[in-house]
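Residue numbers (the numbering used here): 7 to 248.
Structure first, then comments.
What follows is the structure in C-alpha cells.
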C-alpha cells in the first residue's frame, strides 16, 4: 500500500490480492485514513486483484464505519475499463463510486467537505489524564465558540478516557472536531476489542455504565476499528446541551 494526498483528499493505492487474509487490514487502513478528516478517501484499485467478487464489499464496509462520523466519502479509482465494469456489477457503486483516474475522483470531491476545526493530543496512561483531557476539551470548545456544549462534552471525554485507562493497556489519544454546530469527541487506543455496553450481571441496570451515560447524552456514538486498535467517538449538537 502507498498513500499520499491530492488536493484536500487522501489517496491510497493497493496492489496484491484482496482475500480473507487481507480483507480486514485493507478495510481498517481505509477507515483510519478517513478518520483523519480529508474531503474524501480515494482508493486506487487498478492493480488490486480480487478473485472473489464479494470481497469488493470491503469498501462499502469501510464507508459504513465512517458514515456518521467523520462522514468522509470513500471512492475508488480504476484505470482499466473492464475493471470498472466488474466493480459496477458488484453493486457497491451505489455507495462507493468508481472513477477512471485518481485525478477525476479528486475533482469530484474537491472542496465539498464541510469546513471543520480539529485538535488532538496524546495523553499518558495515568489517572491525571482525565483532568487534562477535560481541560483540553474545554479550551478547544471555547476557542471554537461552543461554550454551550462544554458540560456534555466534559461528561463524554471523562467516559472515553476512563474506559481506555480502565480496560486497555493504552495511552489515550484525544481528538476533537468542530463542524458547523456539531462537535465530535473521540479517543483512540491500541485495543482491538470494540467498545460495547455491558450491564452489571449482579446489579442489572442499577449500575449504569459510562457508555450508557454517553449514549444517553450524545446524538450518536460508535466504536470504529483502526489498523492499531480502535477509535471510540461521540457526536453532539445543540440538542445535547445540558
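All C-beta atoms, glycine included, are put in the ideal place defined by N, C-alpha and C.
Compare the Cα-Cα distances from residue i to each of the options and report the closest residue.
{"i": "residue 125", "options": "142, 109, 111, 131", "result": "142"}
{"i": "residue 240", "options": "248, 226, 247, 232", "result": "226"}
{"i": "residue 140", "options": "198, 158, 49", "result": "158"}
{"i": "residue 195", "options": "184, 171, 187", "result": "171"}
{"i": "residue 8", "options": "26, 23, 35, 29", "result": "35"}
{"i": "residue 41", "options": "71, 56, 161, 104", "result": "71"}
{"i": "residue 130", "options": "175, 118, 28, 39", "result": "175"}
{"i": "residue 68", "options": "37, 84, 94", "result": "37"}
{"i": "residue 249", "options": "92, 27, 25, 107", "result": "What is shown of the chain runs 7 to 248, which leaves residue 249 out entirely."}
{"i": "residue 144", "options": "20, 191, 133, 179", "result": "191"}
{"i": "residue 151", "options": "104, 184, 180", "result": "184"}
{"i": "residue 29", "options": "173, 134, 64, 117", "result": "64"}
{"i": "residue 114", "options": "199, 193, 105, 20", "result": "105"}
{"i": "residue 121", "options": "189, 179, 193, 224", "result": "189"}
{"i": "residue 123", "options": "181, 109, 116, 88", "result": "181"}
{"i": "residue 10", "options": "93, 237, 109", "result": "109"}
{"i": "residue 50", "options": "238, 27, 19", "result": "19"}
Please state the DSSP three-state secondary structure of residue i.
{"i": "residue 151", "result": "coil"}
{"i": "residue 188", "result": "strand"}
{"i": "residue 163", "result": "helix"}
{"i": "residue 245", "result": "helix"}
{"i": "residue 88", "result": "helix"}
{"i": "residue 124", "result": "strand"}
{"i": "residue 70", "result": "helix"}
{"i": "residue 146", "result": "helix"}
{"i": "residue 75", "result": "coil"}
{"i": "residue 233", "result": "coil"}
{"i": "residue 226", "result": "strand"}
{"i": "residue 136", "result": "helix"}
{"i": "residue 8", "result": "strand"}
With a CB to CB cut of under 6 Å and the five nearest residues on each side skipped, what residues in its chain are close to residue i?
{"i": "residue 59", "result": "96"}
{"i": "residue 66", "result": "98, 101, 102"}
{"i": "residue 203", "result": "215, 217, 218"}
{"i": "residue 55", "result": "23"}
{"i": "residue 154", "result": "247"}
Take the Cβ of residue i as the centre, count every other Cβ of all protein chains shown within 10 Å, and call the residue buried at 16 or more, exposed below.
{"i": "residue 62", "result": "buried"}
{"i": "residue 235", "result": "buried"}
{"i": "residue 230", "result": "buried"}
{"i": "residue 90", "result": "buried"}
{"i": "residue 146", "result": "buried"}
{"i": "residue 82", "result": "buried"}
{"i": "residue 33", "result": "buried"}
Short of 7 Å in beta carbon distance, which residues of its chain neighbour residue i, apart from the five on each side in sequence? Order them along the chain.
{"i": "residue 86", "result": "52"}
{"i": "residue 112", "result": "12, 13, 15, 48"}
{"i": "residue 187", "result": "243, 244"}
{"i": "residue 177", "result": "128, 129, 130, 131"}
{"i": "residue 138", "result": "129"}
{"i": "residue 267", "result": "In the structure displayed, the chain extends from 7 to 248; residue 267 sits before or after that span and is not available."}
{"i": "residue 148", "result": "none"}
Report all residues from its chain with a CB closer than 8 Å to the CB of residue i; omit the five preceding and five following residues, and keep chain order.
{"i": "residue 4", "result": "In the structure as shown, the chain begins at 7 and stops at 248. Residue 4 is therefore absent and cannot be evaluated."}
{"i": "residue 220", "result": "161, 162, 165, 166, 227, 240"}
{"i": "residue 224", "result": "158, 162, 240, 241, 242, 246"}
Can you tell me whether residue i sits near the ligand SAM, meaning its C-beta is under 6 Å from at least one heavy atom of the ligand?
{"i": "residue 28", "result": "As far as ligands go, the structure on display features none, and thus does not contain the ligand SAM."}
Discussion item. Is it the case that the stretch 40-47 contacts the stretch 75-83, given that we only count it when at least three CB pairs across the two stretches are under 8 Å?
Written reply: Yes, they touch.
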